[in-house]
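What follows is a short report on a single structure.
In the numbering used here, the protein residues as written are 77 to 245.
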């Protein structure tokens, strides 16, 4: 009996939550979040500011050089972190995974020769000067939240050259 009551209470909470957030699903430009999310939806400092766009059922294929917000795999305090895609479309089509290089706005920490400072960070859709950490991370497509922008050709070539140094080719 107690399990049934808990189940019903849970369903009531879910319906209440969906009712509150229904308007958000209709309007991706909305900047208000349900009360439960206001403190938990932190975006990394290097990410763009503004509204969070809701994912559609059919997501576009991430391309090499694009900057995406993804669930933060290094710092659980930040919910999202920008990363640059370095895997090709065929890899995504086969595995539904994307290989990303994390982007950080703490440029003062870029000490290694494989840390690539982005010269055209504004064109990439970032809010602050940033650098790319050349330590690849594979993430599922479900972890990709929003496309932020694209690296310029010069920055992309610099990042790919740094990545080659990491692997020794």
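Glycine included, C-beta positions come from ideal geometry on N, C-alpha and C.
None of the values given here were measured: they were computed from a predicted structure.
Quiz item: So residue 165 is in the alpha helix (DSSP H); what residue range does that whole segment cover?
Solution: Per DSSP, residue 165 belongs to the alpha helix (DSSP H) from 165-171.
Quiz item: So residue 227 and residue 200 are in contact, right, with Cβ under 8 Å, and what is the actual spacing, rounded?
Solution: That belief holds up - the Cβ atoms of residue 227 and residue 200 are roughly 5 Å apart, short of 8 Å.
Quiz item: Less than 7 Å separating the beta-carbons of residue 183 and residue 205?
Solution: Yes, the Cβ-Cβ distance between residue 183 and residue 205 is below 7 Å.
Quiz item: Any idea what DSSP makes of residue 229, helix, strand or coil?
Solution: Looking at residue 229 - three-state DSSP - the assignment turns out to be helix.
Exercise. Would you mind working out which of 194, 190, 211 sits nearest residue 175, comparing C-alpha positions?
Key: Ranking 194, 190, 211 by Cα distance to residue 175 puts 211 first.
Self-check item: Of the residues 165, 203, 234, 218, the one placed nearest residue 193, counting alpha carbons only
Solution: Selected option, being the one with the closest Cα: 234.
Quiz item: Under the three-state reduction of DSSP, which class applies to residue 238: helix, strand or coil?
Solution: DSSP places residue 238 in helix when its eight states are reduced to three.
Quiz item: Helix, strand or coil for residue 185 per DSSP?
Solution: Three-state DSSP puts residue 185 in a helix.
Quiz item: Exposed or buried, what is residue 244 when buried is set at 16 or more other beta-carbons lying within 10 Å of its beta-carbon?
Solution: Exposed: under 16 other Cβ atoms inside 10 Å.
Self-check item: Contact belief for residue 191 with residue 207 at Cβ below 8 Å, rounded distance in angstroms
Solution: For a cut-off of 8 Å, the C-beta gap from residue 191 to residue 207 is around 5 Å, short enough to register as a contact.
Quiz item: From residue 171 to residue 143, what distance separates their C-alpha atoms?
Solution: For residue 171 and residue 143, the distance between alpha carbons rounds to 20 Å.
Exercise. Select from 198, 195, 137 the residue whose C-alpha is nearest the C-alpha of residue 161.
Key: It is 137 whose Cα lies nearest to the Cα of residue 161.
Quiz item: What's the gap between the Cα of residue 151 and the Cα of residue 242?
Solution: Straight-line spacing of the CA atoms in residue 151 and residue 242 works out to 23 Å.
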